[in-house]
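Residue numbers (full-length UniProt numbering): 1 to 518.
No residue lacks a Cβ here, since even glycine has one placed at the ideal position from N, Cα and C.
Here the structure is a predicted model, which is why all the values come from computation and not from measurement.
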Amino acid sequence: MHRLPLSCAPRAALLALVGLLALPACSDDDDGTGTPDAGNPQTDAGTRTDAGTDAGPTGTDAGTDAGTDAGTTQAWPQDFSCQGKEQKTLTFNATQAQDLQDAVNSLAECTTIQLGAGTFHFDNAITIRQNGITIVGAGKGAKGEGEGGTASTVLDFSNAASNTNGIDVVGKLFTVRDVALWNARKDALRVENSSNVFVQRIRTEWKNADDENNGKYGIYPVKSQYVTIEDCESYNAADAGIYVGQTRYAIVRRNIAKQNVAGIEIENTKYAFVQGNTAQDNTTGLVVFDLPGNPIKGTDILVTGNTITGNNRDNFASVTASSSTVSQVPAGTGTFILASRRVEFVGNTWGNNNTVDIAVLSGLAIEPDPSQWSAAYFNFPSADVYIHGNTFQGESGDNVDNGKTDVERRPLGALVYNTYLYGAATQGVTHVEHLLWDGIDPAPRNESLKNPINICFTGNTLPAGTKEAIVDFDLQAVAAKLGTATPDVPGAWAETRRYSQGAAPFNCSGFAPALALP
1 MHRLPLSCAP RAALLALVGL LALPACSDDD DGTGTPDAGN PQTDAGTRTD AGTDAGPTGT
61 DAGTDAGTDA GTTQAWPQDF SCQGKEQKTL TFNATQAQDL QDAVNSLAEC TTIQLGAGTF
121 HFDNAITIRQ NGITIVGAGK GAKGEGEGGT ASTVLDFSNA ASNTNGIDVV GKLFTVRDVA
181 LWNARKDALR VENSSNVFVQ RIRTEWKNAD DENNGKYGIY PVKSQYVTIE DCESYNAADA
241 GIYVGQTRYA IVRRNIAKQN VAGIEIENTK YAFVQGNTAQ DNTTGLVVFD LPGNPIKGTD
301 ILVTGNTITG NNRDNFASVT ASSSTVSQVP AGTGTFILAS RRVEFVGNTW GNNNTVDIAV
361 LSGLAIEPDP SQWSAAYFNF PSADVYIHGN TFQGESGDNV DNGKTDVERR PLGALVYNTY
421 LYGAATQGVT HVEHLLWDGI DPAPRNESLK NPINICFTGN TLPAGTKEAI VDFDLQAVAA
481 KLGTATPDVP GAWAETRRYS QGAAPFNCSG FAPALALP
């Protein structure tokens, strides 16, 4: 670790730290007032806490399987069907990109667009505004392939108009599979206000790694319901590779997200099943969070069987070209949970994440005014986080933000970095613990409650010799100690508390009712 002296940190930035801790905010152009569900324009009328009221998907509503292939009958409800309706197939080869563009402007419902192998070059988005549309190619090809082969279809948007998406969809019963979306100017696949969405075996990629001018999102369903993303890949997005936001009922499984700022994000979403994904070599791997101003209060997220390792890519998100705050996440963050509730992690693997494997944060860390969270019934607290039966490989937390901290751009990383410099020098604590809790919720903090939001960390496999696996970082107290004219580093360290796995108060056994497996 390379020391960044506290004297180099602007005092004003440290004093304002809690209000500046902006982590990946991924709804770049959402105002929080849009219709969250296609065909079901209701806001989330939940209670102040979702515990016990939003028990999660059960029975057929759990989305046991969205079908082995898109367009087949699935367990989830449908508000549109092509059964009994005229169905057409339009076929295009790689020399007919303009014909395809012309055709999508007048599509009839229940149309399949069959794309041949090769490379399709577009100067604008493929815009779908019809129900029952399926786009099928010859295959997604391999990472780095910007040209389609004999068994792959690449849709190349390199020369498209500025700030346009690749495929842009609003519709019910939409399917896309077996294609690659290359160099989209904004979002590669954007699906909004839609239902029964199937995204299967697609690849979204930008040619240049670590380029802030890349498009922001690879796969981006938002304000939708009944979404399945499976067996896909996403690389080099300047914000998130795979994102599900402001959505009800989602399955995200067996995907690969690498070299993005954020690998996989679940934001302001109710009932998501995140299984068997690989999030590696991103700035941050797999995250679950709510943002203020959105009417959907995220809850009931099951994260199982994922690999979240080596997410140490320097943050390359644009500071000026993005209205989001993803540019402030420290490199080396495996997972963070922010303003989230009823989240369960089981059977996952973390390791070699330079800042921390898991951080549990309050929404007040990014927006300290509770009134800004009123749209979803004051959803700023995190609560009921159950982390059990996972594997922590080690080699994490030993080089916060890759030692390249910036107190103005990434204030959380700077604060943790400098606190642990003191811990390494005087206390022999050379790594941030596997789980970091910011200690903010509930607010104001009740010091008599040692685990007021019910974080449970039990039965995980830890590296040999691990003594303490959890830290209550007490973000507000630490920031106050370091935000004075003469920073009190020993005092800041004294505000942090460490716990072994299996020790009270984090040795609880989950929450009730338990999440239902899809």
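DSSP assignment within the region 164 to 200 yields the following whole beta strand (DSSP E) runs of 3 residues or more, N-terminal first: 167 to 169, 172 to 177, 180 to 182, 189 to 192, 195 to 200. Within the region 132 to 161, the complete beta strand (DSSP E) runs of at least 3 residues fall at 134 to 136, 153 to 156.
About 6 Å separates the beta carbons of Glu147 and Val154, which is inside the 8 Å limit, making them a contact pair.
In the three-state DSSP reduction, Ala359 falls in the strand class (E or B).
Residue pairing for Phe473: DSSP places it in no beta bridge. Judged by their CB atoms, Cys82 and Leu173 are nearer to each other than the 8 Å cut-off. The beta carbon of Tyr226 sits closer than 6 Å to the beta carbons of Trp76, Ser195, Asn196, Tyr249 from its chain, once the five residues preceding and following it are set aside; these are given in chain order.
Taken in chain order, the whole alpha helix (DSSP H) runs of length 4 or more contained in the region 393 to 438 are 411 to 422. Segment contact: the region 311 to 319 against the region 226 to 242, three or more CB-CB distances shorter than 8 Å; contact assigned. Just measuring C-alpha positions, the residue of Gly397, Thr307, Asp369, Glu192 sitting nearest Lys258 is Thr307. Pairing Thr111 with Phe157, the inter-Cα distance amounts to about 23 Å. By the Cβ neighbour-count rule, Ser162 is exposed, with fewer than 16 other Cβ atoms within 10 Å of its own. Apart from sequence neighbours up to five positions away, no residue of its chain approaches Ala480 with a beta-carbon distance below 7 Å.
Non-local beta-carbon contacts of Ala359 in its own chain, meaning distances under 6 Å to residues more than five positions away in sequence, involve Phe336, Leu436 in chain order. In the three-state reduction of the DSSP assignment, Ala512 falls in the coil class. Shown here, Asp314 sits in coil according to DSSP, grouped into three states, outside any helix or strand.
Here the region 506 to 516 makes no contact with the region 424 to 433; the two share fewer than three CB pairs at distances below 8 Å. Counting along the chain, the unbroken beta strand (DSSP E) around Pro221 starts and ends at 217 to 222. If you draw a straight line from the Cα of Ile167 to the Cα of Phe392, it comes to about 38 Å. If you draw a straight line from the Cα of Asp290 to the Cα of Ile440, it is about 16 Å long. For Asp384, the enclosing beta strand (DSSP E) starts and ends at 383 to 388. Around the beta carbon of Arg409, 16 or more other beta carbons sit within 10 angstroms, so the residue counts as buried. By the Cβ rule, the region 295 to 306 counts as touching the region 257 to 275, because three or more pairs are nearer than 8 Å.
Straight-line measurement puts the Cα of Gly334 at about 40 Å from the Cα of Ala94.
Between Asp438 and Leu415, the gap from beta carbon to beta carbon reaches 8 Å or more.
DSSP places Trp493 in the uninterrupted alpha helix (DSSP H) bounded by 489 to 494.
Here Thr304 is buried. Its C-beta has 16 or more other C-beta atoms within 10 Å. With a beta-carbon spacing of about 6 Å, Gln130 and Gly171 fall inside the 8 Å limit used to define contacts. In this structure, the beta-carbon distance from Ile113 to Thr127 does not fall below 8 Å. A Cβ-Cβ separation of about 7 Å places Arg341 in contact with Ser382 under the 8 Å criterion.
Across the structure, Gly332 and Glu395 are spaced so that their CA atoms are roughly 11 Å apart. At a Cβ-Cβ threshold of 8 Å, Thr405 and Trp493 do not count as neighbours.
Annotation: the continuous beta strand (DSSP E) that includes Leu90 extends over 88 to 92.
Looking at the DSSP output, Val346 shares a beta bridge with Thr304, His388. In the DSSP annotation of this structure, Gln96 is not part of any beta strand (DSSP E), being labelled neither H nor E.
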